[in-house]
Amino acid sequence: MIEIACPAKVNLFLSVGPPDDAGMHPIRTVFQAISLFDTLRIERAPGRTAIEFEDEAVPEDNTLTKTLRLLAEVAELPPLHLTVIKRIPSEAGLGGASSDAAGLLRAVPLLTRSRASEFELSEIARAVGADVPFFLVGGRAKAEGYGERLTPLEDPIPFWLVVAQPEARCSTREAYARLDEIQRPWREFPLADDLHNDFELVAPEESLALKQRLLDLNATEALLCGSGSAVFGVFPNEPSAERARRAVAPEVGGKAWVSRSLTRMESLSL
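Note that numbering that gives the first Met the number 0 has the sequence shown beginning at 0, numbered continuously upward.
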(Lines of atoms letter the chains of each structure in order from A and count residues from 1; the text may use other names and numbers.)
(Lines give C-alpha, C1' and ligand atoms only; values in the text may rest on other atoms or scores of the structure.)
Protein backbone atom coordinates (compact mmCIF):
# COMPACT_ATOMS: atom_id res chain seq x y z
CA MET A 1 0.00 0.00 0.00
CA ILE A 2 1.15 3.53 -0.81
CA GLU A 3 0.07 6.38 1.45
CA ILE A 4 0.40 9.93 0.15
CA ALA A 5 0.01 13.17 2.09
CA CYS A 6 -1.84 15.71 -0.08
CA PRO A 7 -1.37 19.23 1.33
CA ALA A 8 -3.71 22.19 1.11
CA LYS A 9 -2.67 25.57 -0.29
CA VAL A 10 -3.40 29.20 0.33
CA ASN A 11 -3.07 32.02 -2.18
CA LEU A 12 -0.93 34.83 -0.80
CA PHE A 13 -1.77 36.91 -3.85
CA LEU A 14 -4.56 36.34 -6.38
CA SER A 15 -5.65 38.63 -9.18
CA VAL A 16 -8.09 37.51 -11.88
CA GLY A 17 -8.00 38.73 -15.47
CA PRO A 18 -10.95 39.16 -17.85
CA PRO A 19 -12.36 35.95 -19.35
CA ASP A 20 -11.16 34.82 -22.76
CA ASP A 21 -13.42 33.76 -25.64
CA ALA A 22 -13.87 30.35 -24.03
CA GLY A 23 -14.87 31.89 -20.70
CA MET A 24 -11.59 30.94 -19.02
CA HIS A 25 -9.98 33.42 -16.64
CA PRO A 26 -6.22 34.00 -16.63
CA ILE A 27 -4.76 34.59 -13.19
CA ARG A 28 -1.72 35.91 -11.41
CA THR A 29 -1.23 34.20 -8.09
CA VAL A 30 1.30 33.13 -5.47
CA PHE A 31 0.60 29.69 -4.01
CA GLN A 32 1.86 28.45 -0.65
CA ALA A 33 1.51 24.82 0.46
CA ILE A 34 0.45 24.36 4.10
CA SER A 35 0.38 21.51 6.61
CA LEU A 36 -3.32 20.64 6.37
CA PHE A 37 -3.50 17.31 4.56
CA ASP A 38 -5.80 14.84 2.91
CA THR A 39 -4.45 11.28 2.89
CA LEU A 40 -4.59 9.19 -0.29
CA ARG A 41 -4.10 5.43 0.15
CA ILE A 42 -3.47 3.37 -2.96
CA GLU A 43 -3.31 -0.42 -3.13
CA ARG A 44 -3.67 -2.99 -5.85
CA ALA A 45 -7.19 -4.33 -6.28
CA PRO A 46 -8.17 -7.88 -7.27
CA GLY A 47 -10.80 -6.66 -9.73
CA ARG A 48 -11.83 -3.27 -11.02
CA THR A 49 -10.38 0.08 -9.96
CA ALA A 50 -12.48 1.72 -7.24
CA ILE A 51 -12.33 4.94 -5.25
CA GLU A 52 -13.60 5.17 -1.68
CA PHE A 53 -14.19 8.54 -0.06
CA GLU A 54 -14.80 8.98 3.64
CA ASP A 55 -16.77 12.09 2.66
CA GLU A 56 -19.96 10.84 1.00
CA ALA A 57 -20.65 14.30 -0.47
CA VAL A 58 -17.87 13.91 -3.06
CA PRO A 59 -19.48 13.59 -6.54
CA GLU A 60 -18.94 10.45 -8.60
CA ASP A 61 -17.25 12.45 -11.35
CA ASN A 62 -14.38 14.05 -9.44
CA THR A 63 -10.74 14.98 -9.89
CA LEU A 64 -9.51 11.46 -9.14
CA THR A 65 -11.84 9.74 -11.61
CA LYS A 66 -10.81 12.27 -14.26
CA THR A 67 -7.12 11.74 -13.46
CA LEU A 68 -7.50 7.97 -13.74
CA ARG A 69 -9.25 8.29 -17.12
CA LEU A 70 -6.47 10.48 -18.50
CA LEU A 71 -3.71 8.30 -17.01
CA ALA A 72 -5.19 5.25 -18.74
CA GLU A 73 -4.40 6.94 -22.07
CA VAL A 74 -0.65 7.17 -21.38
CA ALA A 75 0.19 4.38 -18.89
CA GLU A 76 -0.88 0.82 -18.14
CA LEU A 77 -2.16 0.97 -14.58
CA PRO A 78 -3.14 -2.18 -12.68
CA PRO A 79 -6.57 -2.26 -10.99
CA LEU A 80 -6.33 -0.03 -7.93
CA HIS A 81 -8.29 0.67 -4.77
CA LEU A 82 -8.01 4.31 -3.73
CA THR A 83 -9.12 5.51 -0.30
CA VAL A 84 -9.30 9.25 0.37
CA ILE A 85 -9.30 10.45 3.97
CA LYS A 86 -10.53 14.03 3.74
CA ARG A 87 -9.27 16.63 6.18
CA ILE A 88 -9.16 19.59 3.79
CA PRO A 89 -12.68 21.04 3.72
CA SER A 90 -14.49 21.36 0.39
CA GLU A 91 -15.73 24.64 -1.10
CA ALA A 92 -13.12 26.39 1.01
CA GLY A 93 -10.58 27.61 -1.56
CA LEU A 94 -7.85 25.33 -0.17
CA GLY A 95 -7.36 23.12 -3.24
CA GLY A 96 -8.10 19.77 -1.59
CA ALA A 97 -9.53 18.03 -4.66
CA SER A 98 -6.68 19.32 -6.83
CA SER A 99 -4.09 18.15 -4.30
CA ASP A 100 -5.65 14.67 -4.24
CA ALA A 101 -5.35 14.47 -8.03
CA ALA A 102 -1.72 15.61 -7.89
CA GLY A 103 -1.03 13.02 -5.20
CA LEU A 104 -2.20 10.30 -7.57
CA LEU A 105 0.00 11.69 -10.34
CA ARG A 106 3.00 11.76 -7.99
CA ALA A 107 2.42 8.08 -7.20
CA VAL A 108 2.36 6.92 -10.83
CA PRO A 109 6.08 5.92 -10.95
CA LEU A 110 5.44 3.60 -8.00
CA LEU A 111 2.39 1.99 -9.58
CA THR A 112 3.48 0.91 -13.05
CA ARG A 113 6.55 0.10 -15.13
CA SER A 114 4.81 1.72 -18.10
CA ARG A 115 5.87 5.17 -17.00
CA ALA A 116 4.24 8.32 -18.24
CA SER A 117 6.66 11.11 -19.06
CA GLU A 118 6.93 14.22 -16.92
CA PHE A 119 5.40 16.17 -19.81
CA GLU A 120 2.43 13.80 -20.02
CA LEU A 121 1.81 14.07 -16.28
CA SER A 122 1.98 17.86 -16.42
CA GLU A 123 -0.51 17.88 -19.31
CA ILE A 124 -2.88 15.68 -17.31
CA ALA A 125 -2.52 18.02 -14.34
CA ARG A 126 -3.47 21.00 -16.52
CA ALA A 127 -6.49 19.14 -17.92
CA VAL A 128 -7.79 18.13 -14.48
CA GLY A 129 -7.76 21.58 -12.86
CA ALA A 130 -6.02 24.94 -12.64
CA ASP A 131 -4.53 24.27 -9.19
CA VAL A 132 -3.26 20.74 -9.91
CA PRO A 133 0.04 21.76 -11.58
CA PHE A 134 1.06 23.70 -8.47
CA PHE A 135 0.76 20.60 -6.29
CA LEU A 136 3.34 18.88 -8.52
CA VAL A 137 5.74 21.75 -7.72
CA GLY A 138 4.90 22.35 -4.06
CA GLY A 139 6.36 24.80 -1.58
CA ARG A 140 5.80 28.35 -2.78
CA ALA A 141 5.33 29.23 -6.44
CA LYS A 142 4.13 32.01 -8.67
CA ALA A 143 1.52 31.03 -11.28
CA GLU A 144 0.36 32.81 -14.40
CA GLY A 145 -1.82 32.03 -17.40
CA TYR A 146 -4.45 29.52 -16.32
CA GLY A 147 -2.35 28.23 -13.44
CA GLU A 148 -0.01 26.21 -15.65
CA ARG A 149 2.89 28.69 -15.99
CA LEU A 150 4.66 28.13 -12.71
CA THR A 151 7.78 29.72 -11.28
CA PRO A 152 9.04 28.03 -8.09
CA LEU A 153 9.99 30.54 -5.41
CA GLU A 154 12.37 30.25 -2.48
CA ASP A 155 10.98 28.58 0.60
CA PRO A 156 10.02 31.31 3.08
CA ILE A 157 10.91 31.45 6.73
CA PRO A 158 8.30 29.08 8.24
CA PHE A 159 5.16 30.80 9.46
CA TRP A 160 2.04 29.70 11.32
CA LEU A 161 -1.55 30.07 10.22
CA VAL A 162 -5.05 29.53 11.46
CA VAL A 163 -7.42 28.39 8.72
CA ALA A 164 -11.12 28.71 9.49
CA GLN A 165 -14.26 28.10 7.43
CA PRO A 166 -17.65 29.69 8.12
CA GLU A 167 -20.99 28.02 7.43
CA ALA A 168 -21.24 29.89 4.11
CA ARG A 169 -19.95 27.98 1.08
CA CYS A 170 -18.55 29.31 -2.20
CA SER A 171 -19.02 27.80 -5.64
CA THR A 172 -15.90 28.66 -7.63
CA ARG A 173 -17.95 29.04 -10.81
CA GLU A 174 -20.37 31.45 -9.13
CA ALA A 175 -17.52 33.43 -7.57
CA TYR A 176 -15.93 33.98 -10.98
CA ALA A 177 -19.30 34.99 -12.45
CA ARG A 178 -19.85 37.58 -9.71
CA LEU A 179 -16.31 38.88 -10.15
CA ASP A 180 -16.95 39.44 -13.87
CA GLU A 181 -19.72 41.88 -12.96
CA ILE A 182 -17.25 44.19 -11.20
CA GLN A 183 -14.89 46.57 -12.95
CA ARG A 184 -11.45 46.20 -11.40
CA PRO A 185 -7.79 46.32 -12.41
CA TRP A 186 -5.91 43.14 -13.23
CA ARG A 187 -3.09 43.58 -10.77
CA GLU A 188 0.56 42.87 -11.43
CA PHE A 189 2.53 40.80 -8.93
CA PRO A 190 3.51 42.91 -5.92
CA LEU A 191 7.14 43.75 -5.25
CA ALA A 192 6.76 42.90 -1.56
CA ASP A 193 4.84 40.12 0.20
CA ASP A 194 1.59 42.09 0.20
CA LEU A 195 -1.45 39.87 0.65
CA HIS A 196 -4.27 40.44 -1.85
CA ASN A 197 -7.21 38.45 -3.22
CA ASP A 198 -9.67 39.76 -5.83
CA PHE A 199 -12.32 37.32 -4.59
CA GLU A 200 -12.71 39.31 -1.39
CA LEU A 201 -14.77 41.71 -3.54
CA VAL A 202 -17.48 39.03 -3.84
CA ALA A 203 -16.84 36.94 -0.72
CA PRO A 204 -19.67 36.04 1.67
CA GLU A 205 -20.09 38.45 4.56
CA GLU A 206 -19.41 35.58 6.94
CA SER A 207 -15.96 35.09 5.40
CA LEU A 208 -15.07 38.77 5.69
CA ALA A 209 -16.31 38.87 9.28
CA LEU A 210 -14.20 35.80 10.07
CA LYS A 211 -11.17 37.48 8.52
CA GLN A 212 -11.69 40.46 10.83
CA ARG A 213 -12.13 38.10 13.77
CA LEU A 214 -8.70 36.58 13.12
CA LEU A 215 -7.17 40.05 12.96
CA ASP A 216 -8.83 40.87 16.27
CA LEU A 217 -7.20 37.71 17.67
CA ASN A 218 -3.78 39.18 16.81
CA ALA A 219 -3.19 37.76 13.35
CA THR A 220 -0.54 39.90 11.69
CA GLU A 221 -2.36 39.48 8.36
CA ALA A 222 -5.46 37.68 7.14
CA LEU A 223 -6.95 36.85 3.74
CA LEU A 224 -9.62 34.84 1.96
CA CYS A 225 -8.45 31.39 0.80
CA GLY A 226 -8.68 31.16 -2.99
CA SER A 227 -12.28 31.75 -4.08
CA GLY A 228 -13.45 31.09 -0.51
CA SER A 229 -15.17 30.49 1.76
CA ALA A 230 -12.34 29.74 4.22
CA VAL A 231 -9.97 32.44 5.44
CA PHE A 232 -6.52 32.28 6.98
CA GLY A 233 -4.67 34.41 9.48
CA VAL A 234 -0.89 34.57 9.89
CA PHE A 235 0.44 34.32 13.45
CA PRO A 236 3.94 34.87 14.86
CA ASN A 237 4.24 31.43 16.44
CA GLU A 238 2.41 28.18 17.13
CA PRO A 239 1.15 29.07 20.65
CA SER A 240 -0.48 32.29 19.43
CA ALA A 241 -2.04 30.42 16.51
CA GLU A 242 -3.40 27.74 18.84
CA ARG A 243 -4.91 30.36 21.15
CA ALA A 244 -6.67 31.95 18.19
CA ARG A 245 -7.88 28.57 16.93
CA ARG A 246 -9.39 27.73 20.31
CA ALA A 247 -11.14 31.10 20.39
CA VAL A 248 -12.62 30.91 16.91
CA ALA A 249 -13.40 27.17 16.63
CA PRO A 250 -16.69 27.29 18.61
CA GLU A 251 -17.86 30.12 16.36
CA VAL A 252 -17.43 28.07 13.15
CA GLY A 253 -18.62 24.66 14.29
CA GLY A 254 -15.10 23.42 14.96
CA LYS A 255 -13.89 24.12 11.42
CA ALA A 256 -10.62 25.79 12.43
CA TRP A 257 -7.11 24.39 12.11
CA VAL A 258 -3.59 25.42 13.05
CA SER A 259 -1.22 24.96 10.14
CA ARG A 260 2.20 26.10 8.99
CA SER A 261 3.91 26.81 5.71
CA LEU A 262 5.60 23.86 4.02
CA THR A 263 8.90 23.78 2.19
CA ARG A 264 8.99 22.30 -1.30
CA MET A 265 10.58 19.12 0.01
CA GLU A 266 7.98 18.75 2.76
CA SER A 267 5.03 19.25 0.44
CA LEU A 268 6.28 16.70 -2.10
CA SER A 269 7.28 13.93 0.31
CA LEU A 270 5.06 10.85 -0.02
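C-beta atoms are modelled at their ideal positions from N, C-alpha and C, and glycine is treated no differently.
| Asked | Found |
| --- | --- |
| Use the C-beta contact count for N236: other C-beta atoms within 10 angstroms, 16 or more gives buried, fewer gives exposed. | exposed |
| Just the C-alpha distance for G1 and A32, rounded to the nearest angstrom, thanks. | The sequence shown places Ile at residue 1, rather than the Gly named in the question. Roughly 21 Å separates the two Cα atoms. |
| Quick one, which of A71, G138, K210 and A167 has its alpha-carbon nearest G252's? | A167 |
| Determine which residues share a DSSP beta bridge with F234 and list them. | W159 |
| Going by DSSP, name the residue or residues bridged to K8. | A32 |
| At what residue ranges does the region 112–188 contain a whole run of the beta strand (DSSP E), taking only runs of 3 or more? | 139–143, 148–152 and 159–163 |
| Below 8 Å, how does it come out for the region 9–17 and the region 25–45: are there three or more Cβ pairs, yes or no? | yes |
| Let me know the secondary structure DSSP gives V247 once reduced to three states. | helix |
| Quick one, which of P108, A129 and L223 has its alpha-carbon nearest P165's? | L223 |
| Under three-state DSSP, which class holds V107? | helix |
| Could you check the C-alpha separation between R242 and S260 for me, to the nearest Å? | 18 Å |
| On the criterion of 16 or more Cβ atoms from any shown chain inside 10 Å, does P77 qualify as buried, or is it exposed? | exposed |
| How many angstroms separate the CA atom of E122 from the CA atom of A129? | 11 Å |
| Between the region 62–81 and the region 139–157, can you find at least three pairs of beta-carbon atoms closer than 8 Å? | no |
| In its own chain, which residues sit with a C-beta less than 6 Å from the C-beta of C90, not counting the 5 before and 5 after it? | The sequence given here has Glu at residue 90, not Cys. Excluding residues within five positions, the ones whose Cβ falls inside 6 Å are R168 and C169. |
| Across the region 181–199 and the region 215–230, are there enough close Cβ pairs to call them in contact, namely three or more that are closer than 8 Å? | yes |
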